[in-house]
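Here's the structure we're looking at; comments come further down.
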Amino acid sequence: MGFTRAQLESYRDDVIEDLIGPDCRMLIVGINPGLWTAATGAHFARPGNRFYPALHCAGIVDRIIDASDGFTDADRATLIDAGIGITNLVPRATARADDLTTAELRAGALVLTETVSRVRPALVAFAGITAYRTAFQRPKATTGRQPDDDIAGCPVWVMPNPSGLNAHDTVDSLAAAYRDAATAAGLIVGDTVAAAVPPPREPVKKVRRR
């Protein structure tokens with residue numbers, strides 16, 4: 001069973017914690033939490049998001065994580081053990097990324113710089129070009145390695161947004177972009193790209209805990 005629109009709206013402006021382990025090598029930066037992510041407490045949790053299938057297809061993790069009903073301890077361990085960390089440019093949850101203001105994105109860039117200085121990953125990877133352009137005032141930036149930019153001395157990579165609203169990319173094209181970034185960060189688990197990508201299961205409704 002999923003969430004009703006009213007239930008999801010009740011999570012607007014909520015904040016979820018970063019997922020960053022002690023050996024984070026590739027810090028993935030989302031734009032901000034969606035309402036489904038806020039409701040479950042798991043990053044990129046909305047059904048239809050291609051983030052976890054693309055991570056698996058790229059060979060970065062050895063199984064597909066289904067976060068639509070929240071993370072399990074095994075899910076967190078899979079990401080952390082692979083050297084993946086996840087944070088957001090803006091911490092507050094909204095229904096859509098375009099609900100954010102330019103001022104919020106630019107303020108988020110300053111906070112992210114502090115996070116990168118503390119974590120010291122091998123690479124910072126943004127999951128979305130538009131937010132990166134706005135937050136860091138790089139209007140002509142394209143996806144891939146940002147040769148003229150770094151954050152706190154860490155290389156910057158920009159990848160396509162895995163949201164289902166991004167019709168320009170498929171799991172395969174996302175996986176290719178993610179694999180390039182992961183290779184630069186030294187994270188690839190093997191040389192074989194995974195093939196099967198099953199659809200996400202229908203989540204069980206969560207009871208909100210305050």
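According to this note's numbering, the stretch in the sequence shown is residues 1 to 210, in order. Where is the CB? At the ideal position from N, CA and C, for every residue including glycine.
task = Tell me, please, whether the segment 43-55 touches the segment 172-180 by the rule of three or more beta-carbon pairs shorter than 8 Å.
result = Yes, the segment 43-55 touches the segment 172-180.
query = Using a C-beta cutoff of 8 Å, does S117 count as contacting chain B?
reply = Of the protein chains in the structure, only one exists, and it is not chain B.
task = Kindly indicate which three-state DSSP category R179 falls into: helix, strand or coil?
result = The answer is helix: DSSP assigns R179 an H, G or I state.
ask   = Does the separation of the CB atoms of I28 and I84 fall below 8 Å?
value = Yes, Cβ-Cβ distance for I28 and I84 is below 8 Å.
query = Around the C-beta of H168, are 16 or more other C-beta atoms found within 10 angstroms, so that it is buried, or is it exposed?
reply = With fewer than 16 other Cβ atoms within 10 Å, it is exposed.
query = Taking the Cβ atom as the reference point for each residue, do T134 and L105 lie within a distance shorter than 8 Å?
reply = Contact flag set, yes.
key: Cβ shell of A131 (< 7 Å), same chain only, five flanking positions each side left out   = Excluding sequence positions up to five before and after A131, its CB lies within less than 7 Å of the CB of I31, L89, A97, L105, all in the same chain and listed in chain order.
task = Check the DSSP bridge columns for A125 and list the partner residues they point to.
result = A125 pairs with I28, W157.
message = Which same chain residues end up closer than 6 Å to D18 when comparing Cβ atoms and leaving out the 5 residues on each side of it in sequence?
response = Within the same chain, Cβ atoms closer than 6 Å to the Cβ of D18 are found at T87, the five residues on either side in sequence being excluded.
Same chain, Cβ closer than 8 Å to P139, five either side skipped, listed in chain order = Spatial neighbours of P139 in its own chain (CB-CB distance under 8 Å, excluding positions within 5 residues in sequence) are listed in chain order as R133.
query = What separation, rounded to the nearest whole angstrom, lies between the Cα atoms of R92 and A122?
reply = In this structure, the straight-line span from the alpha carbon of R92 to that of A122 is close to 26 Å.
ask   = How about A184 and P155: are their beta carbons less than 8 Å apart?
value = Cβ distance < 8 Å, so A184 and P155 count as in contact.
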